[in-house]
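What follows is a single structure, written as structure tokens, with notes after it.
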């Protein structure tokens, strides 16, 4: 059933996964970093401490790269629904198109306009107004997450619709139901906390690398402090929202939950929880189990049971298979099981590192400079949030297999009938090469910004001009010759 | 066809008009980076003119695409899947030119700076060219089946008319970009942009004549709507002449507005010719019609309320952001004096 080979469906799925995963490296990073930069600039406005201004400018530079890559890969997202999944678009347009259009109208215009203003007007507006620009950018990017997740939530948990069987499509009957979808209000906080966490640990990790080189101690220690505070709050928020979301699945998408926890036969009241297990043919071959943990995690109680995959499959077959269809409803268990564990373990690690980091980094103490192992650890953890974010989407999206819209439309029925293996192979290869190069350039440029250090922003007044001309606001220069 | 369906057909046209007016000069500026600017300092200034704006301008495309998805899912699905490779190439072009501005500024060697400058120029040209090709091949009629799927061959997409359309649109964008430069720079750059557009306008006019002939030969526009088609074409030529006059008379604003309006007249021409269809099929029974392609009345109603609430606010700050950067940039040579 899982035809990932060189089939039209497999290549289309691979393309969607690849473009989305790559795009989502930059989305949470940009959203989170926008807020971190906004907070830094706000502290500057309130405290009038120039270090915070430099911090906002410096991390803002990296934000701009991420934003640019996020924008250009985002257009692919919008186009590929029509390009690769035209039957999905026909089926879902009535509901899916609306949040997408509102996202562009209400969110993209806001963030793109105000990021342009923010970039080029450091010396032209008073501090408070200029700070407002980055807040509006951050607000816009959060809003965009809300709208696109509203669309995604419908795919996970369709609400507020009616089936138009004659034309084989769904029609919206209640916009408020689509927006108040419980799935959305589980997903959205989790994504936003994840975004804060991503940016916070990248900023903290990059600062750690520079501290290892004893570079601009004051600057990077303050950056680390701000980001770790945000990171700690975000980590707690992620765990809390992750917990609500997971427990919501127990009734709503029981197969996804059973796969995440690796439950095959219905669980007993003992609540054995698999810390690790071997998985083959929808059975576990071995496992390390801890009693009661499953009940504590799933039910917040010592007692209770959960349905296993076998039973859920039977129920789903009875519910959805018509006229002797034999379709099974198993999901890629191994991916879900391990992705979920990577998320959970990382959450613990993030929390721990944030607390210990904040302790070492007390402003009166020098201990952070002596704990080199800890700085190394933090430096390496720069990459972890991106892995964790990807795992999160693996759980969410693989977990609704074989559906593209849960209970309504299968992935196989969603793909464009006009696609061909040859064209998909070509586009997959080109996308892959482009993404690999963009990712590489991103890393090189961010690394370069870090090496140039905060001095670069204090001298060049932050613009993308060459060194000579950038010392003066180019628009002010032009003003003299305005006619 | 209901009023709401008609309204949304018009709104999609308005959004694409906004896109071509704004992104049109972005594409032109992108091309000017290597085709027009002579040295690195000039390129700095040229890029700087759209620095704060290009991203917001591109949102018009995203909004047009999203609005099409929301209001006419059948149109969106057919068009986007049917033009798979062409849209893919457009996306590649948009990716390269989109990141080029930010990346170029931070390259340390000339080789890499050149690379990203060419990425901007070629990307902008290809995007404009392919958009022109796409819309022009679309109005000639495509092999569409009963389910709205396009199974086109190479010549359905690439033919004389679509190539002429691509050239015309990219030339129009280039001149529109030069006109924007005349508005945003002073000194040498502004003078040269004016000189260039004086020379390019006769070429464009010749191109427009060829375009009209091919339009007559390959589409049903003149047969179905002779009056409106001729009126729009005459408007297109008048705008072109007005922009040319603006170049002669050193009237920067007139040229810029006129070249923007010529781009908009191309969009209007296409939408007028499409009506009441959204996709034209070779077999006219398979043409996709406005009345069959749209979302439910509920969604259209909802989108109408939201659009007319949000769009005015967007327009206010969007225009304000241009006003903030209204000042001219100086040409690098005058800096040295």
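Protein chains in written order, with UniProt numbering: chain A, 1 to 483; chain B, 1 to 337. Where is the CB? At the ideal position from N, CA and C, for every residue including glycine. None of the values given here were measured: they were computed from a predicted structure.
Query raised in the report: Within 8 Å (strictly less), CB to CB, does residue 177(A) reach chain B?
Result: no
Requested in this report: Just the chain B side, please: which residues come within less than 7 Å of residue 417(A) by C-beta, in chain order?
Outcome: 149
Requested in this report: Just confirm the distance between the C-beta atoms of residue 267(A) and residue 249(A), as a whole number of angstroms; I'd bet it's less than 8 Å.
Outcome: That belief does not hold up - the Cβ atoms of residue 267(A) and residue 249(A) are roughly 15 Å apart, past 8 Å.
Query raised in the report: Does the beta-carbon distance from residue 110(A) to residue 139(A) come in below 8 Å?
Result: yes
Query raised in the report: Can you tell me whether DSSP reads residue 162(B) as helix, strand or coil?
Result: helix
**Report entry** First through last residue of the beta strand (DSSP E) which encompasses residue 285(A)
**Finding:** 283 to 290
Query - Extent of the continuous alpha helix (DSSP H) run through residue 320(A) - result: 309 to 320
Requested in this report: Could you check if residue 462(A) is buried or exposed, using at least 16 other CB atoms within 10 Å of its CB as the buried criterion?
Outcome: Low confidence applies here, because residue 462(A) scores a pLDDT of 40, under 50, leaving its location unreliable and the question unanswered by this model.
Report task. Identify the contact partners of residue 64(A) in chain B, using a Cβ-Cβ distance below 9 Å as the criterion. Result -> 102
Requested in this report: Tell me, please, which residues DSSP counts as bridged to residue 163(A).
Outcome: 170(A)
Query raised in the report: Is the CB-CB distance between residue 23(A) and residue 97(A) below 8 Å?
Result: no
Query raised in the report: Who pairs with residue 277(B) in a beta bridge, going by DSSP?
Result: 289(B)
Requested in this report: Can you grab the Cα-Cα spacing for the pair residue 310(B) / residue 69(B), in whole Å?
Outcome: 18 Å
Query raised in the report: Secondary structure at residue 319(B), three-state DSSP: helix, strand or coil?
Result: helix
Query raised in the report: On the three-state DSSP scale, how would you describe residue 42(A)?
Result: helix
Report task. Mind the definition here: the region 291 to 309 of chain A touches the region 184 to 195 of chain A only if three or more C-beta pairs lie below 8 Å; say whether that holds. Result -> no
Query raised in the report: Comparing the C-beta of residue 310(B) with each C-beta of chain A, is any distance below 8 Å?
Result: yes
Requested in this report: Would you mind telling me which residues of chain A sit closer than 7 Å to residue 106(B), beta carbon to beta carbon, in chain order?
Outcome: 445, 448
Query - Nearest-angstrom Cβ-Cβ length linking residue 183(B) and residue 45(B), presumed shorter than 8 Å - result: Contact doesn't hold; Cβ gap of about 13 Å is too wide.
Query raised in the report: Going by C-alpha distance, which of 63(A), 261(A), 365(A) is nearest residue 443(A)?
Result: 63(A)
Query raised in the report: Taking C-alpha atoms, which residue in 286(A), 399(A), 46(A) lies nearest to residue 126(A)?
Result: 46(A)
Report task. Kindly confirm or deny that the region 66 to 81 of chain A and the region 159 to 175 of chain A touch, where touching means at least three C-beta pairs closer than 8 Å. Result -> no
Report task. Give the residues of chain B in contact with residue 104(A), contact being defined as C-beta atoms less than 7 Å apart. Result -> 59, 62, 63, 66
Query raised in the report: How many angstroms separate the CA atom of residue 328(A) from the CA atom of residue 387(A)?
Result: 30 Å
Query raised in the report: Mind checking if residue 109(A) is an interface residue toward chain B, Cβ cutoff 8 Å exclusive?
Result: yes
**Report entry** Listed by chain order, chain B residues near residue 423(A) by CB distance under 9 Å
**Finding:** 84, 85, 88
**Report entry** Burial state of residue 278(A), where buried means 16 or more other Cβ atoms lie within 10 Å
**Finding:** exposed
**Report entry** Separation of residue 140(B) from residue 117(A), as counted between CA atoms
**Finding:** 42 Å
Query - Segment contact flag, the region 253 to 266 of chain A with the region 330 to 338 of chain A, C-beta cutoff 8 Å, min 3 pairs - result: yes
**Report entry** Environment of residue 448(A) [buried if 16+ CB atoms lie within 10 Å]
**Finding:** exposed
Query raised in the report: Anyone know if the C-beta pair for residue 72(B) and residue 278(B) falls short of 8 Å?
Result: yes
Requested in this report: Check each candidate in 18(B), 28(B), 36(B), 135(B) and name the one with the smallest Cα separation from residue 195(B).
Outcome: 36(B)
**Report entry** Through-space distance from residue 376(A) to residue 383(A), alpha-carbon basis
**Finding:** 13 Å
Report task. Give me the Cβ distance between residue 115(A) and residue 191(B), rounded to the nearest whole Å; I'm assuming they're in contact under 8 Å. Result -> Not really, about 33 Å apart at Cβ, beyond 8 Å.
Query raised in the report: Who does residue 405(A) pair with in a DSSP beta bridge?
Result: 409(A)
Query raised in the report: Looking at chain A, which residues of the region 255 to 282 of chain B have a Cβ within less than 9 Å of any of its Cβ atoms?
Result: none
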